[in-house]
Amino acid sequence: MQEFKTEDPEEGDDDLYEHYSFTAGKGQEPLRVDKFLMNFIEKATRNKIQQAAKNGNIEVNGTVVKQNYKVKAGDVVRVLFEHPPYEFLLTPENIPLDIVYEDDTLLVVNKPAGMVVHPGHGNYSGTLINALIYHFENLPENSSGRPGLVHRIDKDTSGLLVVAKTEEAMTHLAKQFFDKTSEREYIAIVWGNVEADSGTVEGHIGRHPKNRLQNTVYEDGSQGKEAVTHYKVIERLGYVTLISCKLETGRTHQIRVHMKHIGHTLFNDARYGGDVILKGTTFSKYKQFVENCFTILPRQALHAKTLGFEHPKTGEWLRFDSALPEDMVACIAKWNTYARHAME
Numbered sequence: 063m064q065e066f067k068t069e070d071p072e073e074g075d076d077d078l079y080e081h082y083s084f085t086a087g088k089g090q091e092p093l094r095v096d097k098f099l100m101n102f103i104e105k106a107t108r109n110k111i112q113q114a115a116k117n118g119n120i121e122v123n124g125t126v127v128k129q130n131y132k133v134k135a136g137d138v139v140r141v142l143f144e145h146p147p148y149e150f151l152l153t154p155e156n157i158p159l160d161i162v163y164e165d166d167t168l169l170v171v172n173k174p175a176g177m178v179v180h181p182g183h184g185n186y187s188g189t190l191i192n193a194l195i196y197h198f199e200n201l202p203e204n205s206s207g208r209p210g211l212v213h214r215i216d217k218d219t220s221g222l223l224v225v226a227k228t229e230e231a232m233t234h235l236a237k238q239f240f241d242k243t244s245e246r247e248y249i250a251i252v253w254g255n256v257e258a259d260s261g262t263v264e265g266h267i268g269r270h271p272k273n274r275l276q277n278t279v280y281e282d283g284s285q286g287k288e289a290v291t292h293y294k295v296i297e298r299l300g301y302v303t304l305i306s307c308k309l310e311t312g313r314t315h316q317i318r319v320h321m322k323h324i325g326h327t328l329f330n331d332a333r334y335g336g337d338v339i340l341k342g343t344t345f346s347k348y349k350q351f352v353e354n355c356f357t358i359l360p361r362q363a364l365h366a367k368t369l370g371f372e373h374p375k376t377g378e379w380l381r382f383d384s385a386l387p388e389d390m391v392a393c394i395a396k397w398n399t400y401a402r403h404a405m406e
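Heads up: the sequence shown is residues 63 to 406, going by our numbering.
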């Protein structure tokens, strides 16, 4: 069976990688970093550690090192793995699901903000997968061994996900994402007044060279993968703008990276610097207003609103739409009021 490895547009790196950090003790004799890590990480194979080194995912004192680096006393060693070592330990949990649609082939779920999609470092329970394997038996595994998942969205992004219930559905749906024939629309609040009513952001997206928890745009195409985001202004709200984003490709953090690249970081996106005042006045009342908005919406302002795809079995085009969650609605309302008063 052919498998199609799809990336997720907004999947967080906390889901992609397992983070470990160790400080070498005072009595540490010089020891290769791969051997040092083998002593500390249970069930991690040497091959896995060497692969992490090859990918530039082992750092000592903040600097990327090769596998033959000799760890010394006091060194701080940090490693990121592509898949958590305990990922296979999946426990069914009776967590309610907001199921928008279901048949014998697939289901569409409306994921709340704050729910992790699949187990990872620090999140081995309470995830969408823990809920799925409780409610549904014998879900097919994707190319990463995760039951039912065709695509993913970040922990703090709310919205729609399609889940496959059969092997055939998994293959068919994954191919649609791979071939860019599915429809995905996100709603976001971004900092600043987006001047053009609509536009397209193009630029390869790859891991940031200095911050491994971020991605960045490589305009010359020298690194990363092709990424295309089409945006449209829904409403201008003074110092922020409500926009719709349609994805032509699906890269990690695509909307968050592309909008920051054009100077419009997502509102309250802590990872990309949107959790501080980026536009506006220096008045203390304005600062308090923004802090109140952050409290109402304690996450990046992003919602996977619309999802469309061809049904794997019937060939019918299905399109699902979800209402904006309450936290985004409340935040938009506050900015709407502020913008109206500012114009008076």
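Ideal placement from N, C-alpha and C gives every residue a C-beta, glycine not left out.
Since we're looking at a predicted model, the values are computed, not measured.
Check, Outcome
"Among Lys237, Ala385 and Arg361, nearest to Ala175 - alpha-carbon criterion", "Arg361"
"Cβ distance (whole Å) where Glu155 is taken to contact Ala193 below 8 Å", "6 Å"
"Secondary structure, beta strand (DSSP E): runs of 3+ residues fully inside the region 137–213", "138–143, 161–164 and 168–173"
"Reduced DSSP secondary structure (H/G/I, E/B, other) of Gln64", "At Gln64 the pLDDT is 42, less than 50, meaning the model places this residue with poor confidence and gives no usable figure here."
"Per-residue burial, Glu247 [other beta carbons within 10 Å of its own, 16 or more giving buried]", "buried"
"Closest by C-alpha distance to Gly254, when choosing among Phe84, Trp397 and Thr85", "Trp397"
"Proximal residues to Gly89 (C-beta, below 8 Å), its chain only, five neighbours per side dropped", "Ala135"
"is_contact[Ala395, chain C] using C-beta, thresh 8 Å", "Absent here is chain C; the protein component of the structure consists of one chain."
"For Asn277, the three-state DSSP class (helix, strand or coil)", "strand"
"Length-filtered (4 minimum) alpha helix (DSSP H) runs lying within the region 292–374", "316–323 and 346–358"
"At least three beta-carbon pairs within less than 8 Å, the region 327–334 to the region 365–385", "no"
"Under the three-state DSSP convention, the category Tyr400 falls into", "helix"
"C-alpha distance - Pro147 paired with Gly312, whole-angstrom precision", "Because Pro147 sits at a pLDDT of 49, beneath the cut-off of 50, its placement in the model cannot be relied upon, and the point is left open."
"Inter-residue CB distance, Val141 and Asn119 (contact presumed, cutoff 8 Å)", "6 Å"
"Three-way DSSP call (helix, strand, coil) for Val256 in this model", "coil"
"Selected residue, minimal CA-CA separation from Glu199, among Ala289, Thr219, Thr278 and Lys227", "Lys227"
"Three or more C-beta pairs below 8 Å linking the region 290–309 and the region 216–234", "no"
"Chain-order list of residues whose beta-carbon lies under 7 Å from that of Leu159 (same chain, five-residue window excluded)", "Val171, Ala193 and His197"
"Per DSSP, the bridge partner or partners of Asn383", "This sequence places Asp at residue 383; Asn is not what is there. Note: Asp383 sits in a beta bridge opposite Thr368."
"For Ser83: DSSP bridge partner residues", "Arg140"
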